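For the sequence shown, the positions run 301 to 587 when the numbering used here is used.
Ideal placement from N, C-alpha and C gives every residue a C-beta, glycine not left out.
Predicted model, so just to flag it, every value in this text is computed and none were measured.
Working notes, structure below.
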Amino acid sequence: MEEYKVNVGGRIFQFSIDNLTRDSPNLLTEHLLSVSESQDEIFFDRDPDVFEFIAKHLRGYNIFPLIKENLPVGWNLCNFIQCLTQDACFFNLKGLFFSIRPFYYFGASPAAIDIFSREEKIVFNFQKVNPTTLHIENDDVMLIVQDKHIKAEFFTGNIVWDLISDNNWEFKFLNNLDNVILKKISKEFRPQADQNVEYYIGESDGAFFSIDDIEMNGNEVYDHTVERSFPLQQTNRPFFCVRIWLKKLVFSLRIPNDPNKPLIIVPIWGIGFTQIYHKSLKYVKFF
301 MEEYKVNVGG RIFQFSIDNL TRDSPNLLTE HLLSVSESQD EIFFDRDPDV FEFIAKHLRG
361 YNIFPLIKEN LPVGWNLCNF IQCLTQDACF FNLKGLFFSI RPFYYFGASP AAIDIFSREE
421 KIVFNFQKVN PTTLHIENDD VMLIVQDKHI KAEFFTGNIV WDLISDNNWE FKFLNNLDNV
481 ILKKISKEFR PQADQNVEYY IGESDGAFFS IDDIEMNGNE VYDHTVERSF PLQQTNRPFF
541 CVRIWLKKLV FSLRIPNDPN KPLIIVPIWG IGFTQIYHKS LKYVKFF
């Protein structure tokens, strides 16, 4: 039986052709099995600890749900899930990517799914958050202080996402209760906050999306959608941008310690559609 070697970060993994084609087509089959690039060994500068779980997936093992006790030494569950998702996209393993999502995003009960381990953080429906008790002692929302900001993760839906450029993102929450919660959180952490704000600044930080049924990471969204979207010019927003309606979004709310800085929405995962708005949000035309 012919074997193929994959060198990941200096560690050698051996696969049969059945292993390589289990979740194909993928980057491994593209390089190892194509006629033009046929070779017995290939190197990827990725993390071998993460790839070890990918290798188990290709060999037919069920690796879910992931639990902290089964991870390589030194990894926390949150970072490992993010890296595994990134590498599923890097190696174009669509089966693995879609297997990750049901366990860690959008279940009937986020607390029951335990999206990340409870001692680290739990993702909750944004509309169930009490803005006035958003602190680390709260049983429902665990916060993590990281350097210059506080971070809390939630999921919600029905969001307008404007991509002004490939690295300039803005979000507007269409659910009125979401808007109320955001304004209360903003007011709670910075009493001088402008309560008339509609759009919140966004940043890309390892985000992954399904936009128009195309899987992509956050850095690819603008390039993939800008040519498919008509230029949008809004009242009091004198610039063109790509507009996307997000049906679902898992996001991290960053609250800077500096009271003069705004809240920041950092998306993690979402489903959306490119669309055009004409004059108002009431009339929507989808591609």
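*With G374 and P348 assumed to form a contact (beta carbons below 8 Å), what rounded beta-carbon distance in angstroms separates them?*
Residue numbering aside, residue 374 sits at position 74 when the sequence shown is read from its first letter. Residue numbering aside, residue 348 sits at position 48 when the sequence shown is read from its first letter. With a Cβ gap of about 13 Å, G374 and P348 do not count as contacting.
*Does the distance from the CB of L396 to the CB of I354 come in under 8 Å?*
Taking the sequence shown and counting its residues from 1, the one referred to as residue 396 is at position 96. Taking the sequence shown and counting its residues from 1, the one referred to as residue 354 is at position 54. In contact: L396 and I354 (Cβ atoms closer than 8 Å).
_Residue environment, V480, which counts as buried when at least 16 other CB atoms sit within 10 Å_ = Here the question's residue 480 lines up with position 180 in the sequence shown. It is exposed - the Cβ of V480 has fewer than 16 other Cβ atoms within 10 Å.
*Leaving out five residues on either side along the sequence, give the residues of the same chain with a beta carbon under 6 Å from the beta carbon of P559.*
Here residue 559 is taken as the residue at index 259 of the sequence shown, counted from 1. R490.
*If you run the structure through DSSP and keep just helix, strand and coil, what is I571?*
Residue mapping note: residue 571 aligns to position 271 of the sequence shown, counting from 1. It is a strand residue.
*Taking Q427 and T456 to be in contact with their CB atoms under 8 Å, please state how far apart those CB atoms are, rounded to whole angstroms.*
In the sequence shown, residue 427 corresponds to position 127, counting from 1. In the sequence shown, residue 456 corresponds to position 156, counting from 1. Contact holds; Cβ gap of about 7 Å.
*Relative to the C-alpha of P562, which residue among N425, L477, I317, E470 is closest?*
In the sequence shown, counting from the first residue as 1, residue 562 sits at position 262. If you compare the alpha carbons of N425, L477, I317, E470 with that of P562, the shortest gap goes to E470.
*Which residue from I459, C389, L333, I312 puts its Cα closest to that of E352?*
One-based indexing of the sequence shown puts residue 352 at position 52. Considering only alpha carbons, the answer is I312.
*Per DSSP, what kind of secondary structure is F364 in: helix, strand or coil?*
Mapped onto the sequence shown, residue 364 falls at position 64. Three-state DSSP puts F364 in coil, outside helix and strand.
*asked:* Just to confirm my understanding: we take Y405, look at its own chain, exclude 5 residues before and 5 after, and list those with CB closer than 6 Å. What are they?
replied: Here residue 405 refers to the residue found at position 105 when the sequence shown is read from its first residue. Low confidence applies here, because Y405 scores a pLDDT of 49, under 50, leaving its location unreliable and the question unanswered by this model.
_Within the continuous beta strand (DSSP E) that includes P556, where are the two ends?_
Position 256 of the sequence shown, counted from the first residue, corresponds to residue 556. Its beta strand (DSSP E) spans residues 542-556.
*Using a C-beta cutoff of 8 Å, does L563 count as contacting chain B?*
The chain inventory of the structure shown lacks chain B, comprising one protein chain alone.
*Run of the beta strand (DSSP E) containing G502, from where it starts to where it stops*: Indexing the sequence shown from 1 puts residue 502 at position 202. 500-502 is the span of the beta strand (DSSP E), which, as asked, contains G502.
*asked:* Quick check on DSSP: helix, strand or coil for P538?
replied: Mapped onto the sequence shown, residue 538 falls at position 238. Residue confidence is low: P538 scores 49 on pLDDT, short of 50, so the model does not pin down where it sits. No coordinate-derived value is stated.
_Tell me the DSSP secondary structure of V460 in three-state form._
Against the sequence shown, residue 460 aligns to sequence position 160. If DSSP states are grouped into helix, strand and coil, V460 belongs with the strands.
*asked:* Quick check: what's the CA-CA separation for R554 versus V497?
replied: For the purposes of this step, residue 554 is taken as the residue at position 254 of the sequence shown. For the purposes of this step, residue 497 is taken as the residue at position 197 of the sequence shown. So the alpha carbons of these two residues sit roughly 16 Å apart.
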